[in-house]
Every structure is written in C-alpha cells, then in structure tokens.
Amino acid sequence: MADEFRPKFPLDPFAPARREYWSVELERLIANMGRDVYLILGAPTIRDLEPLIHTVQFSSTLLIIVTHDAPVIPPTAVPTIRILRLATPFSVEGAGAVRLVNILEWAERVARVWRKRGGVGYEELFEGECLMSKPEPRDSGAAIFRITNKSSSQLVSPPPPTRNRAVSHKLNRGSGINLPTPDPTQRAFDALINFLPRELPSKSLLKHVILITTISRPFLVAAAPPRPIRQSQPPSRSSFFRRPTSTLSLPMMGGKSRDSLAASVCEFPPPSPIDGHVLHLLPPQRPGSSISKLVHNMESFLISFHYPPSHQVIPKNHTQRICPYLTTINAFASFLPNSPGEDSEWTLAEAILCGALDPEIGPKKKEVLPRAWIPNTKKCRMPPSPASSLPPSPPRLVYRRDKPADSGYATQSDNTSSMTDSPPSSPTYPPRARKRSPSMSGSEDSTLGTPPTVPQKDLVLVNGRMEKVQEVPVIDLGKDHKRGWRFWRALGR
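So for the sequence shown, UniProt numbering puts the first residue at 1; every next one is plus one.
In structure tokens:
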C-alpha cells in the first residue's frame, strides 16, 4: 500500500522570527526628536510613565493622557503633558466604539492647538465640560492655572517656580474656540500607547486591542503625503521686505526666551521622519499557559492588520506607515543591554518611539518576517562599540546622553572619557585637534592647520564657490616691493 502524502506544516510560521534578536539602529536612537504627540490610553501609574516623563529625549514632546484616574504628575516632568480626564472608565462593551471615536477627536483637537500655538507645562481637561480658564499676569511670565470641576471652581495655588503650567484652553466639545485648520500632511498622533486594563480576562483583552487598533489607524497616518520641498532660491530685494517678521512658531520654555530657543533648535539637524507607532502594553499577569496563546493571537492580528501582503504596495512615506509593538509594562521601562565597555542608558520606550526597532523597507533592504512581540530587553541587541573592528563613530555623539540632574539617572562614567574624547585616528574621523585631514594636507604633520611652504594645487573661494587653481611658482620681488594679492596676474601669464 502506498504511503499517504501528508505535508508537515509548522505549527507557528512566525516562530523563527520570534527567536531572532531585535537589532537597535543607533543612528535613529540618537537622532534629534521633533515636536511629536503621543496619545496614552488606559490607567497608568506614575511609575509606568517614568520612561516618558523623565527622559530628555522627549523634552519637545506632548503627552496626552486619556484616563479616568489621573496620576499625580511630579514637577520634574520633562515633556508637555495634557490630561483628558474621563468621567467613567473606558470599556469596549456597549457603545465603546462610538465613545472611543469621540475621545480620539477630542485629543486630536488638543494636539492640533499645541502644534500650532505651542505651550508647555501640565494641564488638565475634563470630559463633557465647556469651561474656560483665563490667565492672570505674573512677574515670571507664566500663567496661573485654574482647575474647574463640578463641585468647586476655586483658584489653585500657584505651582513652584521650577514648573510653569500653561493656561487651560477651551477644547472640549462645543466650546466654540477657533481651532487651527487641519493639515492633511500631518498625522494627528505620532504614537499611541495603550496600557491594557489589569482586571480583564484574556478574551476581553484581545477585543480591547482589536478595537483600539482598528479605530485609531486614521489618526496615526497622514491623509496626504507631504508636499515636495522646493529648491530654495536667493530672494530678491522686494521679496525680502515682504517677508513676514516671524516665520518660526516655537513654544515658550520656562526661563528661556524665544531667541535662545530658536538658536538651540538650529544647533541640531532636523529630525528624520519615522513611522507612526501603536504600542500595546500588557499588565502583569498571573502565571499560566493562556498568556502565550493571548500573545500569539494579539501579535497575529497586529501583523495581519498593519503589514500588507507582499503583492500590495507599501507606502513610501513615513507619515503613512504604522509599526505595531506588543510588550509588557515592565519591559517598556527596562534599559537596553549595553555594548561591551559602554555605559549608555536607553530604555525600550525610547527605542520604540524613536523608530530604532522599526523594520527597514526598501528594494535593497533585507526581507525579514514581520513581528510585534518583545518579551524583554534581552531580546534587543545593541550595535558594537566604537572600539571594535568597525569604523569608529564621531566623538560625543553616540554614547553621550545629557539627563536632568534631578531625574536620578547617572551620566556617563569618567572611565570612558578617554575613548570618546580621543578616538583612534581613521580616514573618516581624524582627531579633533587636527584642522586638516592627511588627504588634504599631504602630510602627517600634527600642526594645527599650518599651510605648506611650497605652493601646490588647492581650493580657493572665488565668487562664493570653491575652485581649483593652477600651480604657479612663487616670485620673490624683494623686500621693497609692495605686497598684495597677485592671483589673477599669475593666471594670466
């Protein structure tokens, strides 16, 4: 009797992808972050929010926390925070979808006003209220913050000088405030962080993830691709005087003027575009076999919903792509493993929100199986240190991370200063004490930019452009001859 053919399929086709490490792109991790907006859903504690509110990487970020049980925000919080307090806890049962849409639209209006008008500090808004708080002048330039609830409407005592609080805007539904015009090339939220409820069973948690993931998608992508950047042309005299006096709208920082803030922004390169992110954080669960099945079902849904099949066209623009992630609350606040000999401290929250774990999409990129589950930071692999065989990185860019003195984080140890201050010499990154590289100077002299005594082919600035000049002999006309620039006469011979 012939044997019956029975193909053996793997039980889990994504099992090989789960066994692989998550590679951290260090260039994205250290890049300058833009004025992003992160929407936080659930009931997180202040300890759960520590990787977001005590990190300098998110100093120019707006955190919109939608919750019925708002935590007490410390005055040392770094980013701008807006709390949208719900009257009752959010639930997917009943009219949960309709309420979720209303909440997302409410948060979108808050984000739109912040992107247009700026603002810093801590502010709290209430669901279903249409009250306005008027600012009162202070000597320090900050405004007194009024918190209005249903029971009382008294003025809260001013906050300590270390923390300025913004004036509350009338952003609730039906308030009638003049909202800025929506920008179709700008997504409403750059990331959505969903803290899953702790008391729900596994089946309800899966429904919760499916509902929030599907309804929030239009708020995490841009309706239209960004406009192409036109090549800048030198302005004429008439267009220069017609130019508006202020072309950059920046939020006022406490203790800093607008000029100093603009100067500090110009010191860094513009932030590189990254994909949108939806992140679901699992609460601490009771030990059992149902956890692995729940994680498998959630990851399968996130992958099938956000990553299209191979025959579909993947959007090329970062504002129209979403990368899903699934991890635990403890892993979200954990530090990434350091490279050998390094003392950098990066959390998993920073790696995800900075796009350091996003898959690279392109025709020349290596195809990898999509995945979303990160069990812990041990599955993340940092790039090798500059002391390895790879070319060294620029000094004081990769592993230096300034942190606030009151945050409790330790800065880089002094024993690695020799490695970062004086890296090994290479054709790409020469020592900083050398003004000219060996390829330009033609010698290995260690002098600080001393020109050679014998003239040779070099580059000079002619009419605003660098041009190569011909090699000409130096003519000694004596001490009594009037010295001057004879460049054009030498070329005419």
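Ideal Cβ positions, reconstructed from N, Cα and C, are used throughout, including at glycine.
Cβ-Cβ separation, residue j to residue i (assumed contact under 8 Å), whole Å
i	j	result
leucine 353	leucine 336	Not confirmed; about 13 Å, so no contact.
phenylalanine 195	leucine 104	About 16 Å; that fails the 8 Å criterion.
leucine 282	isoleucine 322	Not quite, the Cβ-Cβ distance comes to about 19 Å (not below 8 Å), so this is no contact.
valine 278	threonine 213	6 Å
methionine 298	valine 24	About 23 Å separates the two Cβ atoms, so there is no contact after all.
arginine 187	glutamate 127	Contact doesn't hold; Cβ gap of about 23 Å is too wide.
arginine 112	leucine 63	Not really, about 16 Å apart at Cβ, beyond 8 Å.
arginine 275	aspartate 183	Contrary to the premise, residue 275 reads as aspartate rather than arginine in this sequence. At roughly 18 Å, the Cβ-Cβ gap does not stay under 8 Å, so aspartate 275 and aspartate 183 are not in contact.
proline 79	phenylalanine 58	5 Å
alanine 333	cysteine 380	In fact, because the Cβ distance is near 14 Å, the residues do not count as touching under 8 Å.
isoleucine 65	tyrosine 122	10 Å between Cβ atoms; not a contact.
phenylalanine 301	isoleucine 193	Actually they are not in contact, since the Cβ atoms of phenylalanine 301 and isoleucine 193 sit about 18 Å apart, beyond 8 Å.
glutamine 320	proline 225	7 Å
histidine 280	leucine 326	5 Å
isoleucine 83	glutamate 27	Contact doesn't hold; Cβ gap of about 34 Å is too wide.
Host alpha helix (DSSP H) of residue i (start-end)
i	result
threonine 213	202–220
glycine 96	96–117
leucine 348	348–353
leucine 41	Here leucine 41 belongs to no alpha helix (DSSP H); instead the beta strand (DSSP E) covers 37–41.
leucine 326	Taken as a continuous stretch (DSSP letters only), leucine 326 belongs to no alpha helix (DSSP H), being part of the beta strand (DSSP E) at 322–328.
leucine 52	50–53
Buried versus exposed call for residue i [16 or more other C-beta atoms within 10 Å across all chains shown]
i	result
glutamate 20	exposed
proline 324	buried
valine 120	buried
threonine 55	buried
threonine 61	buried
threonine 181	exposed
residue 507	Because the chain here runs from 1 to 493, residue 507 falls outside it and cannot be looked at.
proline 273	exposed
valine 98	exposed
glycine 355	buried
isoleucine 374	buried
serine 422	Here the model assigns serine 422 a pLDDT of 35, short of 50, so the residue's position is not dependable, and the following value carries that caveat. Answer is exposed; the Cβ neighbour count stays below 16.
isoleucine 291	exposed
alanine 142	Model confidence at alanine 142 stands at a pLDDT of 33, short of 50, so the residue's coordinates are unreliable; what they give is reported in the following sentence. Under this definition alanine 142 is a buried residue.
glutamate 108	buried
serine 216	buried
arginine 198	exposed
alanine 31	buried
arginine 371	buried
arginine 115	buried
alanine 191	buried
alanine 222	buried
alanine 95	exposed
alanine 87	exposed
Sheet register partners of residue i (DSSP bridge)
i	result
arginine 91	In the sequence on display, residue 91 carries serine and not arginine. Bridge partners of serine 91: none, in fact.
serine 23	Arg381
arginine 82	Ile64, Glu123
phenylalanine 335	Thr347
N-terminal and C-terminal residue of the beta strand (DSSP E) that residue i is part of
i	result
leucine 63	62–67
alanine 191	191–195
leucine 282	276–282
The region 69–88 contacting the region 42–49, beta-carbon criterion three pairs below 8 Å | yes
Hey, is the region 204–224 in contact with the region 48–55, meaning 3+ C-beta pairs nearer than 8 Å?
-> no
How about the region 33–40 and the region 88–99: do they share at least three Cβ pairs that are nearer than 8 Å?
-> Contact between the region 33–40 and the region 88–99 is absent, because fewer than three Cβ pairs lie under 8 Å.
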